[in-house]
Amino acid sequence: MSYLYLYRVRAISPQSVPSICQVFQHTLTLFQEPGWLGGSCVVNLSDACDVVIYERWGNLASLQAWLQSDARRQAHQDLAPFVDGPAKEETFVDV
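My numbering puts the first residue of the sequence shown at 8, with every later residue one more than the last.
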């Protein structure tokens with residue numbers, strides 16, 4: 008069983024999207040949390056400011072630990088200058 012975590016944000020401009028994705032990639036590369044299976048940062052083809060960061064996790068406990076981590080809080084602070092408004096966060100499970 009695996010879990011899919013989605014973190015959707017609105018970029019302040021299309022030009023800020025690479026910075027958003029860079030924060031995501033840098034944070035997960037540095038910390039490589041146990042249970043993290045992979046993920047990516049994608050942009051909506053019909054709305055260049057609509058960004059989704061998705062992560063696959065091997066177990067719910069690892070995902071929950073990541074969601075409560077200092078590293079993740081720091082990443083959100085690093086993202087703040089590039090996003091407009093709050094993120095929408097959702098978690099899904101394989102069936």
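Here a beta-carbon is modelled for each residue, glycine too, at the ideal position from N, C-alpha and C.
Query	Result
Suppose the cutoff is 7 Å on Cβ atoms and the five residues either side in sequence are ignored; what does the same chain contact list for residue 92 look like?	17
For the region 10-51, which segments carrying the beta strand (DSSP E) assignment without a break, of at least 3 residues, lie completely within its bounds, in sequence order?	10-17 and 43-51
Could you tell me the distance, in whole angstroms, from the CA atom of residue 52 to the CA atom of residue 41?	32 Å
Could you tell me if residue 89 is buried or exposed, where buried requires 16 or more neighbouring beta carbons within 10 angstroms of its beta carbon?	buried
State whether the region 73-83 contacts the region 44-61, with contact taken as three or more CB pairs (one from each stretch) at a distance under 8 Å.	no
Using the beta-carbon count (16 or more within 10 Å), is residue 44 buried or exposed?	exposed
In its own chain, which residues sit with a C-beta less than 6 Å from the C-beta of residue 99, not counting the 5 before and 5 after it?	11
Using a Cβ cut-off of 9 Å (strictly closer), state whether residue 68 contacts chain B.	Any reference to chain B falls outside this structure, which holds one protein chain only.
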